[in-house]
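In what follows, a single structure is set out as structure tokens and then discussed.
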Amino acid sequence: MSTEPRPNNRRLALFPLPFQGHINPMLQLANILHTKGFKITIIHTHFNSPNQSNYPQFTFKSISDGLSESKNMNLNLDTPDSIINFLNKSCINPLRDCLVKLQEEEPIACLISDALWHFSQSVADSLNLPRIVLRTSSMSCILVYSALLPHIKNCYLKTTTEEDPIPDLSPITEKDMLKIFTDDCKEGELELIFSMIKTIKAASGIIWNTFKELEEPAFCAITQNLCIPSFPLGPFHKYFPASSSSLLEQDRSVMLWLDLQPVRSVVYVSFGSIAQMGKAEFSDMARGACKEVLAHPAIGGFWTHNGWNSTLESICEGVPMICSPCSYDQPINARYVTDVWRVGVMLENGKEEEFGRVMKSVIMEEEGSEMRQRSKYLQEKVNLSMEKGGSAYESLENLVDFIVSL
């Protein structure tokens, strides 16, 4: 895909959420925009700060996040949403001060911040600075979240194992809802979702790490409901296949072993950077550098938690999925994988005997072959979208024009 720079040379400030699944797409987006001629400043918290040496082309500015002080406050920050809610309060003044100093040095065209940094909208407004949101999950996820809120307000959530789709929320089931909003994180997660959706609607625009052909019904609904410019220009990792923004050193020694295996004989297992499971479940799973591994011909299936980055990578490589979602957006992604795009199968209880049955169906049986054909079809759609005239290509061109016009 062409990424020829344009003579604009304007500076952008990008503010990633400090979790691996959010840092990756933000830094990938930074690389994409840098190739279009923009100068990039990355604002980051001390917590989970990115490795600056991997990005000599960017300027990095760190801000205080208050987490070290919180250890003396007896705060309960044991879940991702509790940490994010804390940071949305503790980072208000540090972000404002940082942006003021940056503006004094050189004008900033806009702030691009993660959708979950909802506080950054009021900070940007106070400085008359346009804010563009980066949403690192699917469009369908936002639609489901928006539709779920009335159900939650009416105390719809209840203990259930029902598999029937919820009216007006198909393909999401009642059982899925309990995974999306777990007892441990329900209150904090709801606070995040309410604030996120409210501030997305107040932003100047929104960037998506997805492509139109995968989520066309959601794209049409998003365009109508949000009433702000929407730019689906993913999958970001396809622009720079060899790049990595991992916080941890990646072990690629497995590639040598894969070279010795027959075609489509291996199930790759990866549960992302944040996953919660019990010891027994992990033991059952045990019996039974993500995008590089998925692209290997020996891989016949991908056992995944269905974080959006992992889901996209599997789609891009045409690999069927075995879905074991944990929480947050993962049950939504998994349900779309199995029921809408039909490129995966749900692993309902994670037990050893069930995994054996599911693995056999994906690797050896007709069901797996049909999923593989549909996966290859989506893979072709991805590649076409990124060629000149494709939807992702045009979205990127439109985004560049939009930023220059601000």
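Residue 396 in this note's numbering sits at position 245 of the sequence shown; the count goes up by one each step and never skips.
In this text, a Cβ means the ideal position worked out from N, Cα and C, and glycines have one as well.
- With a threshold of 16 other beta carbon atoms within 10 Å, Gln203 falls short and is exposed.
- Between Gly451 and Val509, the gap from beta carbon to beta carbon reaches 9 Å or more.
- Rounded to whole angstroms, Met497 and Arg162 show a C-alpha spacing of 44 Å.
- Around the beta carbon of Trp408, a 10 Å sphere encloses fewer than 16 other beta carbons of the protein chains shown; the residue is thus reported as exposed.
- Just so you know, the alpha carbons of Leu550 and Ser264 end up roughly 15 Å apart.
- Linking Trp454 to Glu257 through their CA atoms gives a straight-line distance of about 47 Å.
- Judged by beta-carbon spacing, Pro383 lies beyond the 9 Å limit of Thr287, meaning their Cβ atoms are not closer than that value.
- With a cutoff of 9 Å on beta-carbon distance, Met537 and Gly495 are scored as not near each other.
- About 7 Å separates the Cβ atoms of Thr196 and Leu238, confirming a contact at the 8 Å cut-off.
- A contact between stretches requires three or more CB pairs, one per stretch, nearer than 8 Å, and the stretch 316–327 fails this requirement with the stretch 342–361.
- A distance of 9 Å or more separates the beta carbons of Ser355 and Leu180.
- Cβ neighbours of Ile214 within its own chain (closer than 7 Å, five residues either side excluded): Ile194, Thr196, Cys242, Pro245, Leu246, Cys249.
- Under the rule that a run must span 3 or more residues, the beta strand (DSSP E) segments found entirely inside the stretch 238–303 read 259–265, 282–286.
- Under the DSSP definition of a beta bridge, Tyr419 partners with Phe453.
- Exposure of Lys240 is indicated by the presence of fewer than 16 other C-beta atoms within 10 angstroms of its C-beta.
- Using a 10 angstroms sphere on the CB of Leu299, the tally of other CB atoms reaches 16 or more, which defines it as buried.
- In this chain, the alpha helix (DSSP H) harbouring Phe553 covers 542–556.
- Counting of Cβ neighbours within 10 angstroms places Glu516 among the exposed residues, the total staying below 16.
- Per DSSP, Trp359 is one residue of the beta strand (DSSP E) stretching across 356–359.
- DSSP, reduced to helix, strand and coil, places His197 outside both helices and strands of the structure shown, so it counts as coil.
- Secondary structure at Phe506: helix, using DSSP grouped into helix, strand and coil.
- For Gly339 and Cys371, the gap between their C-alpha atoms comes out near 30 Å.
- Boundaries of the alpha helix (DSSP H) harbouring Arg486: 481–486, taken from the DSSP string.
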